[in-house]
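Participant:
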Amino acid sequence: MLAWGSLSKTDVIGAIIVVALLATAPFVGSRYIIGIMTVALCYAIWATSWDFMSGLTGRENFGHALFIGTGAYTAGFLNVSFGLSPWWGFPAAAIVAVLFSLLIGFPTLRLRGPYFALAMLSAAVVMQKLSIIFSETTGGQDGLNGLSPMLRSQVSAYYFTLGALVVTVTILKLIALSPWGTILRAIRGDEATCQAAGINVNFYKICALMISAAFAGFGGALYANYQLQVGPDLFDVALSINIIIMVYVGGMGSIYGPVGGALLLIGLTEGLRSFSEYRLWVYTLVLILILFFIPSGVIAPAWVRLRDWIRRSGATFARRANA
Amino acid sequence: MSALLQVEGLTKRFGGLTAVKNVSFALQPGEITGILGPNGAGKTTLFNLLTGFIRPDRGTIVFGGAPLIGAAPHRIVNRGLARTFQLTRPFIGMTVLENVVVGCLAPRVRAEGHTEARACDMLDRVGLGAKADLVVDALSYGDLRRLEIARELVTRPKLLLLDEPFAGLGTSEIEPLAALIRQLHLAEGLTILIIEHRLREFMQLVRRVIAMDFGEIIATGTPSEIVRHPRVVEAYIGRGGDDLEARLGVTTTESIRGTA
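Chains as they are written, first to last, in numbering that gives the first Met the number 0: chain A, 0 to 322; chain B, 0 to 259.
#1: Please list the terminal residues of the continuous beta strand (DSSP E) segment that includes V258 of chain A.
#2: What alpha helix (DSSP H) runs, 4 residues minimum, are completely inside the segment 82-151 of chain B?
#3: Can you name the residues that DSSP bridges to A19 of chain A?
#4: Run through chain B and tell me which residues come within less than 9 angstroms of T329 of chain A, C-beta to C-beta.
#5: From the beta carbon of W3 of chain A, is the nearest beta carbon of chain B less than 7 angstroms away?
#6: Does the CB of T167 of chain A have a neighbour CB from chain B at under 7 angstroms?
#7: Using 8 angstroms as the threshold, is the segment 48-57 of chain B in touch with the segment 302-320 of chain A, meaning 3 or more CB pairs across them?
#8: Can you give me the start and stop residues for the alpha helix (DSSP H) that I168 of chain A sits inside?
#9: Mapping DSSP to helix, strand and coil, what is L35 of chain B?
#10: Examine chain B for any beta-carbon lying closer than 7 angstroms to the beta-carbon of N78 of chain A, and answer yes or no.
#11: By Cβ distance, which residues of its chain are closer than 7 angstroms to E190 of chain A, with the 5 residues on each side in sequence left out?
#12: Cα-Cα, which of A:L108, A:G270, A:A220 is closest to F202 of chain A?
#13: With a cut-off of 7 angstroms, does the C-beta of I255 of chain B fall near any C-beta of chain A?
#14: Between the segment 207-221 of chain A and the segment 138-146 of chain A, are three or more C-beta pairs nearer than 8 angstroms?
#15: Counting only the same chain and skipping the five closest in sequence on each side, list residues whose C-beta sits under 8 angstroms from that of M126 of chain A.
#16: Have a look at the DSSP bridge pairing and note the partners of N144 of chain A.
#17: When the cut-off is 7 angstroms and only beta carbons count, does T154 of chain B lie next to chain A?
#18: Consult DSSP for D307 of chain A and reduce its assignment to one of helix, strand or coil.
#19: Can you tell me whether F213 of chain B is helix, strand or coil according to DSSP?
#20: Can you give me, in chain order, the residues of the segment 171-205 of chain A that have a beta carbon less than 8 angstroms from any beta carbon in chain B?
#21: What residues in its chain sit with their C-beta under 7 angstroms from that of L77 of chain A, if we drop five residues either side in the sequence?
#22: At a CB distance below 9 angstroms, what residues from the segment 102-135 of chain B approach chain A? Give them in sequence order.
#23: For the beta strand (DSSP E) that contains N21 of chain B, what are its first and last residues?
#24: Excluding the 5 residues preceding and the 5 following D132 of chain B in the sequence, name in chain order all residues of the same chain whose CB lies nearer than 6 angstroms to its CB.
#25: Using a C-beta cutoff of 7 angstroms, does R144 of chain B count as contacting chain A?
#26: Starting from V61 of chain B, trace the alpha helix (DSSP H) both ways and give me its first and last residue.
#27: I'd like to know whether the C-beta atoms of G249 of chain A and G313 of chain A end up nearer to each other than 7 angstroms.
#28: Residues bridged to P294 of chain A by DSSP?
#29: Grouping DSSP H, G and I as helix and E and B as strand, with all else coil, what is V208 of chain B?
#30: So which residues of chain A does V100 of chain B contact, with C-beta pairs closer than 8 angstroms?
#31: With 7 angstroms as the limit, tell me which residues of the segment 163-189 of chain B have their beta carbon closer than that to any beta carbon of chain A; keep them in chain order.
#32: Which residues of chain A have a Cβ atom closer than 8 angstroms to the Cβ of F62 of chain B, listed in chain order?
#33: My output table needs one value for V153 of chain B: the three-state DSSP class, helix, strand or coil.
#34: Restricting to Cα atoms, I'd like to know which of B:V231, B:K157, B:I217 is closest to P28 of chain B.
#35: Span of the alpha helix (DSSP H) holding V6 of chain B?
#36: Going by the DSSP bridge assignment, what does A340 of chain A pair with across the sheet?
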């Protein structure tokens, strides 16, 4: 396990370059590409928020879709059923997702063993069933349709999503670098030792889950307001698992890595369309190879190596210039 | 003088096994006391009861004038009772410095600020200053023991419980660690309760020994009294054993003083 304990000038410059590259997309990409990328940025927000709780504390959450789905449905209800402006969906979605996180996290996070992971998994499944059963209010399999758009053009929706991602990653990374992050990583290391150091482990775990849920719910509302549609697939186990894979590929516990993981895997899914029916075969094979041979992930470890190389060559250059 | 720690009738059963049976003792401030006993005597269970990791079935624990039973482990640490673990449990994947910083973030001492500087000072004191930026996975067993003690000391305990601090250490690692413990006791008047089942190093460190076997206190006294106590001898080398002191080649504080 690598330690992601510090942030340098090179990291900040790297992040700015990546955001600048993403911001140029509307100038070079087609409408289709921009659509795919907006969805990928939503996935990035979900994956980053998963990483904040589970990557840092090591308590895996197998039902992150619970927060995404409740957030998206909250935004959908407010918009479709109550006719409120789409913007109300964001704070409301975050609050509802946090309430759900307390409902699951409070009783199960204090227990040792897989109870938290299983409770999250089953809660998401239960919510999916409920959203289908109560079809009169939820629209059943079809979900809620015809949300009024929050922004007029597709490009502005893309920039709004990109901005939301930047804010999410910045806030979560700053918390992860603060003493809070140190404590969360210590919980991952050993809970009993943490208690012996005087840390209230349950408090920090529940807070981390609440923060994670808030951003996931917000991301759910973002997705709903972009797609103008909410469906039971947002509670799907496959979505939860996909997010976990994105975090693994990106680099667990790094916060920024999952962004790359999400972009990479969504890009891979799209790029493999030419393989038509063999697409899922190739996708799965690539995933297995990555998880098997590079279990620490691709994006974050690759960046750490590149950064160290830049620093070393920068230092060499400075020495030569001085000589 | 009122006792810092007062334990009365402490009992813990695990199914049919009584791990700790009616244990009563008191620790005075500034005292360094040992708990001696063969494997399975209930020493670590006693520590877990004192630090809130396990709840006792019966008995009372009073620390610094207030009852302790029912408090969560982290609250007990914040009241000034810290412990180390028999098997060192560092925060894997984090650096030596970060491991100690976590102790500085305990609510009671967090307000003091300067977390990193305080953690660095403590690492210098336990002799790990040069290794502050290493990831703990790379440390030797002896260094991990020092790290454990450093992480507990930054929480500013009034009473430090050390669970077999010398277990698994080579002879060259034991002496500096014993010197550190002695210094904490002498220079700062820290009250220390220390578990050990190896006699040699232990006997030179403590003034008073509580001997346990099968969950009960079987004897209390100075180290030289304890090694001659018939029930302790029986617990260690069986009935009809010789003098434990001669058998194990133990040098107690008293016998050192005797020769001086």
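Glycine included, C-beta positions come from ideal geometry on N, C-alpha and C.
Facilitator: In brief:
#1: Looking at the DSSP string, V258 of chain A is not in any beta strand (DSSP E); the run it does join, the alpha helix (DSSP H), is 256-270.
#2: DSSP runs (the alpha helix (DSSP H)) wholly in the segment 82-151 of chain B: 95-103, 106-109, 114-124.
#3: A19 of chain A pairs with nothing; no bridge assigned.
#4: Not covered by the structure: residue 329 of chain A. The range shown for chain A is 0 to 322.
#5: At W3 of chain A, the pLDDT of 48 sits below 50, so the modelled position is not reliable; the number obtained from the coordinates is stated separately. Not one chain B Cβ lies under 7 angstroms of W3 of chain A.
#6: At a cut-off of 7 angstroms between C-beta atoms, T167 of chain A does not count as an interface residue with respect to chain B.
#7: Touching, no.
#8: Residue identity check: residue 168 of chain A is Val in the sequence provided, not Ile. Counting along the chain, the alpha helix (DSSP H) containing V168 of chain A begins and ends at 153-176.
#9: In the three-state scheme derived from DSSP, where H, G and I count as helix and E and B as strand, L35 of chain B is classed as strand.
#10: Chain B has no Cβ within less than 7 angstroms of the Cβ of N78 of chain A.
#11: If you ignore the 5 residues before and after E190 of chain A, its C-beta comes within less than 7 angstroms of the C-beta of V200, all in its own chain and listed in chain order.
#12: Nearest to F202 of chain A by alpha-carbon distance, out of A:L108, A:G270, A:A220, is A:L108.
#13: Any reading at I255 of chain B must be qualified, since the residue scores a pLDDT of 42, below 50, and its modelled position is unreliable; no value is offered.
#14: No, they do not touch.
#15: Taking M126 of chain A as the centre and dropping the five residues before and after it, the same chain places the C-beta of L65, G68, T69, F234 closer than 8 angstroms to its C-beta, in chain order.
#16: Partner(s): A:Q228.
#17: At a cut-off of 7 angstroms between beta carbons, T154 of chain B contacts chain A.
#18: Here D307 of chain A carries a helix assignment [DSSP, helix/strand/coil].
#19: The answer is coil: DSSP assigns F213 of chain B none of H, G, I, E or B.
#20: For the segment 171-205 of chain A, which is checked against every Cβ of chain B, the residues closer than 8 angstroms are P178, T181, I182, R184, A185, R187, G188, D189, A191, T192, C193, Q194, A195, A196, G197, I198, N199, V200.
#21: Closer than 7 angstroms at Cβ, skipping near neighbours: L83, W87, G88, A91.
#22: Result list: G102, C103, L104, A105, P106, R107, V108, R109, T114, V134, V135.
#23: Taken as a continuous stretch (DSSP letters only), the beta strand (DSSP E) holding N21 of chain B covers 16-26.
#24: The residues T94, in chain order, have a CB closer than 6 angstroms to that of D132 of chain B in the same chain once the five nearest residues on each side in sequence are set aside.
#25: Chain A places no beta carbon closer than 7 angstroms to that of R144 of chain B, leaving this residue out of the contacts.
#26: Unbroken run through V61 of chain B is the beta strand (DSSP E), 57-62; no alpha helix (DSSP H).
#27: 7 angstroms or more divides the Cβ of G249 of chain A from the Cβ of G313 of chain A.
#28: Looking at the DSSP assignment, P294 of chain A forms no beta bridge with any residue, so it has no partner.
#29: In this structure, V208 of chain B counts as strand in the three-state DSSP scheme.
#30: Within chain A, the residues near V100 of chain B are P178, T181.
#31: Answer set for the segment 163-189 of chain B: empty.
#32: Ordered by position in chain A, no residue passes the 8 angstroms Cβ test against F62 of chain B, which lies about 14 angstroms from the chain.
#33: The answer is coil: DSSP assigns V153 of chain B none of H, G, I, E or B.
#34: The residue with the shortest Cα to Cα distance from P28 of chain B is B:K157.
#35: No alpha helix (DSSP H) contains V6 of chain B, which is instead part of the beta strand (DSSP E) from 4-13.
#36: This structure gives no information on residue 340 of chain A, because the portion of chain A shown stretches from 0 to 322.
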